[in-house]
Amino acid sequence: MQSEIRVFKFGGASVKDAAAVRNVASILKKYDNQNLVVVLSAMGKTTNAFERIHQAYVSGEKSDALKRISESKQFHDSILDDLFAKDHPVRKIESGLFSELEAALDVLPEISFDKSYDRIVSFGERIATVILAEYLKESGFRTNLVAAGDFVITDNTYRDAYVDWDETGSRIQEAAQGWFEQTGIIITQGFIGQSAEGCPITLGREGSDFSAAIFAHALNATEVIIWKDVPGIMNADPKLIPEAIPLPHISYREAVELAYYGATVIHPKTIKPLENKNIPLKVKSFINPDGAGTTIDRNGDDDKAVPSYIFKFSQVLLSILPRDFSFINEKNMSEIFTMFSRNNIKVRLMQNSAVSFSVCFDYEPAKLQVLIEDLQKRFAVRYNDSVDMVTIRHYNNVSAEEFTKGRKILLEQKSRSTWQMIISKG
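Its first residue numbered 1, the sequence shown is counted upward by one per residue in UniProt numbering.
Laid out in structure tokens, this is it:
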């Protein structure tokens with residue numbers, strides 16, 4: 001196996017249309033004669049579209065689901081029309097995948113919601129990688145398309161799978177011994193893998209970053225580059241704070257903190273596999289590929305950190321109280337966390353008092369209803385599903401006024417470096 005391997009991840013925005021696909025090819029051209037593994041997301045907003053297909057079908061609206069499949073095929077066909085001749089073989093492959101997608105709908109009533117979700121949504125990455133791989137071949141690149149599901153092996157936790165690192169690493173390392181003998185670029189899918197029972201599974205929303213880290217970890221890659229539509233990791237979302245600036249160099253730990261609190265540039269699970277192997281991660285712009293971007297490694301300039309602002313909208317603040325007005329104790333906490341785990345809900349913030357326990361998490365109506373019914377068997381429950389969360393890292397001399405603007409702070413926590421507020425929507 002070659003020692004010098006780079007892993008690139010391109011997200012949906014980087015392949016949203018034919019011009020974007022050509023731009024990816026131009027970026028890869030700059031790394032000619034290097035061994036690359038390219039991890040690709042679904043094109044544009046395809047994952048969102050396929051989520052709606054799945055929801056329509058499981059809601060009994062089969063005609064709507066089929067209509068949405070047709071619309072998605074038209075979207076992909078328009079990209080093919082701009083990239084390939086009318087008789088190019090890629091068209092037959094793409095049509096076959098959409099036919100397979102339609103056939104998969106008929107299996108959905110027989111399996112769970114999460115399992116059926118993964119089966120449908122994973123088609124987005126499969127279609128995207130076929131198109132990119134064929135275009136690169138057409139453009140003279142030596143490429144090979146491999147199925148991520150043959151290598152990324154997980155448990156059976158659908159929609160948020162846990163990786164079997166030993167089996168996954170073994171499969172990737174064995175296959176990689178022959179990958180670069182006749183090929184310069186390996187193309188594979190992000191976000192998806194194969195469950196222990198042999199079914200398509202996903203690694204969690206926006207999980208393609210994590211996929212890149214999985215391959216890099218197994219291959220002892222030289223570096224990982226995540227190509228985004230921003231000039232690196234910003235200290236805030238530029239759409240919310242126009243004065244946002246890029247962070248040129250941060251540590252693995254700071255990146256984990258930002259991801260944990262909800263920064264969307266990097267998937268939270270991405271960092272640890274890279275840190276374990278001391279593999280640098282760069283976040284660069286596919287719009288300006290020669291820009292410096294952000295480097296994440298063990299030597300980040302965290303001591304020079306500027307404040308970073310992370311906004312999580314559509315949150316729930318839920319307070320749990322013992323029915324007998326007793327204190328919240330370890331037994332209560334254990335029961336509560338068991339219920340959150342059973343309903344696959346991730347807590348973003350928690351605060352304990354003598355007689356109540358408050359938690360903040362993403363608002364998902366179906367999950368919230370089931371959780372409340374579960375909790376009410378043992379506890380009294382109050383909740384507000386119209387709140388937002390603001391997290392400020394390195395908050396020195398920062399005022400809360402510009403973020404609250406008359407809105408009420410419902411819960412607040414401060415540590416030496418992190419300030420979090422749950423605020424009403426007003």
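The C-beta atom is built at its ideal place from N, Cα and C for all residues, glycine as well.
Minimum Cα-Cα distance from Tyr117 among the listed residues Tyr162, Tyr57 and Val224 corresponds to Tyr57. For the pair Asn288 and Glu94, the Cα-to-Cα distance works out to about 30 Å.
From the listed residues Arg171, Gly96, Lys312 and Ile120, the smallest Cα separation to Leu240 is found for Lys312.
No Cβ-Cβ contact shorter than 8 Å links Ile409 with Val387.
Annotated as distal: Ser14 and Phe191, with beta-carbon spacing of 8 Å or more. Fewer than three beta-carbon pairs drawn from the region 154 to 170 and the region 47 to 66 are found closer than 8 Å, and the two stretches are therefore not classed as touching. The region 139 to 151 and the region 88 to 102 do not touch, with fewer than three beta-carbon pairs separated by less than 8 Å.
Taking a C-beta distance under 8 Å as the contact criterion, Leu318 and Val355 do not qualify as a contact pair. Inclusion of Leu203 and Ser211 in the CB contact set at 8 Å is warranted, their separation being smaller than that value. Per DSSP, His217 lies in no beta strand (DSSP E); the unbroken alpha helix (DSSP H) holding it starts and ends at Ser208 to Leu219.
Beta bridge pairing from DSSP links Arg6 with Leu36 and Glu223.
Across the structure, Met421 and Tyr135 are spaced so that their CA atoms are roughly 47 Å apart. Looking at the DSSP output, Cys360 sits in a beta bridge with Leu317 and Leu349. Per DSSP, the continuous beta strand (DSSP E) segment holding Tyr383 begins and ends at Phe379 to Arg393. A distance below 8 Å separates the beta carbons of Arg348 and Met389. Val163 carries a strand assignment under DSSP once its states are collapsed to helix, strand and coil.
Arg253 and Lys277 have their C-alpha atoms some 14 Å from each other. Annotation: Ile93 is outside any beta strand (DSSP E); the continuous alpha helix (DSSP H) that includes it extends over Val90 to Leu105.
Taking 8 Å as the cut-off, the Cβ atoms of Phe123 and Leu101 count as close. Residue burial annotation: Gly178 is exposed, with fewer than 16 other C-beta atoms found within 10 angstroms of its C-beta.
Assignment of Tyr309 by DSSP, reduced to helix, strand and coil, places it in the strand class. Within its own chain, the residues whose Cβ lies closer than 7 Å to the Cβ of Gln413, once the five positions on either side in sequence are excluded, are Leu349, Gln351 and Gln420, listed in chain order. Within the same chain, Arg119 and Ile120 come within 7 Å of Ala104 by CB-CB distance, once the 5 residues on both sides are set aside. In the three-state scheme derived from DSSP, where H, G and I count as helix and E and B as strand, Val230 is classed as coil. Using a Cβ distance threshold of 8 Å, Ile250 and Ile279 do not count as a contacting pair. Residue nearest to Thr338 within the set Leu371, Phe325 and Lys16 is Leu371 (criterion: CA-CA distance).
When only Cα atoms are considered, Pro307 and Asn397 end up about 9 Å apart.
Where Gly124 is concerned, there is no enclosing beta strand (DSSP E), although the alpha helix (DSSP H) around it starts and stops at Phe123 to Glu138.
A direct Cα-Cα distance of roughly 8 Å separates Thr157 from Ser195. With fewer than 16 other beta carbons inside 10 angstroms of its own, Gly60 counts as exposed. The three-state reading of DSSP puts Pro280 in coil, since its state is none of H, G, I, E or B. Scanning its chain for C-beta atoms nearer than 7 Å, with the 5 sequence neighbours on each side dropped, one finds around Ala255 the residues Ile266, Ile271 and Ile296, in chain order. Ile422 is bridged by DSSP to Met389 and Leu411. With contacts defined as CB atoms closer than 8 Å, Val224 and Leu132 fail to qualify as a contacting pair.
Thr404 and Pro238 have their C-alpha atoms some 18 Å from each other.
Apart from sequence neighbours up to five positions away, the residues of its chain that approach Pro268 with a beta-carbon distance below 6 Å are Ala259 and Tyr260, ordered along the chain.
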